[in-house]
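Everything below concerns the one structure shown next.
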Amino acid sequence: MRKEEVVKQITTPLDAGAFPLGTYHFYKREYLNIIYRTDLERLRKMVPEPMEVTSPLCRSVWRSNFFFSTT
């Protein structure tokens, strides 16, 4: 995507949260964090134009067991 295309997309402001602030407590959660190195030039081709890639490291986060939470 080019910068002109990205700015036309419906997005949430960068400083806005994905959900309202609250007194959330999460427990009995499981996370798997995977960090891997990728081809920097290929990654730069995939990332939209306004953004810049500075590292070949990518992160993937998997979450499971979302059974318990309070609000």
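In case it helps, our numbering puts the sequence shown at residues 557 to 627.
We put the CB at the ideal spot given by N, CA and C, even for glycine.
Practice problem: Identify, in the order they occur along the chain, each residue of the same chain with its Cβ nearer than 6 Å to the Cβ of L599, setting aside the five sequence neighbours on each side. | Solution: Working through the sequence shown from its first residue, we reach residue 599 at position 43. Hits under 6 Å: V609.
Practice problem: Check E560 in the structure and name its three-state DSSP category. | Solution: As a first step, residue 560 must be located in the sequence shown, where it is residue number 4. If DSSP states are grouped into helix, strand and coil, E560 belongs with the helices.
Quiz prompt | Selected residue, minimal CA-CA separation from N621, among M602, S611, R558 and L588 | solution = For the purposes of this step, residue 621 is taken as the residue at position 65 of the sequence shown. When the alpha-carbon of N621 is set against those of M602, S611, R558 and L588, the nearest one is in L588.
Quiz item: Which residues in the same chain as E563 place their Cβ atom closer than 8 Å to its Cβ, once the five residues preceding and following it in sequence are excluded?
Solution: Here residue 563 refers to the residue found at position 7 of the sequence shown. Strictly speaking, residue 563 in this sequence is Val, with Glu absent from that position. Taking V563 as the centre and dropping the five residues before and after it, the same chain places the C-beta of P606 closer than 8 Å to its C-beta, in chain order.
Practice problem: Please state if the CB of Y583 and the CB of C614 are separated by a distance shorter than 7 Å. | Solution: As a position in the sequence shown, residue 614 is number 58, starting the count at 1. As a position in the sequence shown, residue 583 is number 27, starting the count at 1. No, the Cβ-Cβ distance between C614 and Y583 is not below 7 Å.
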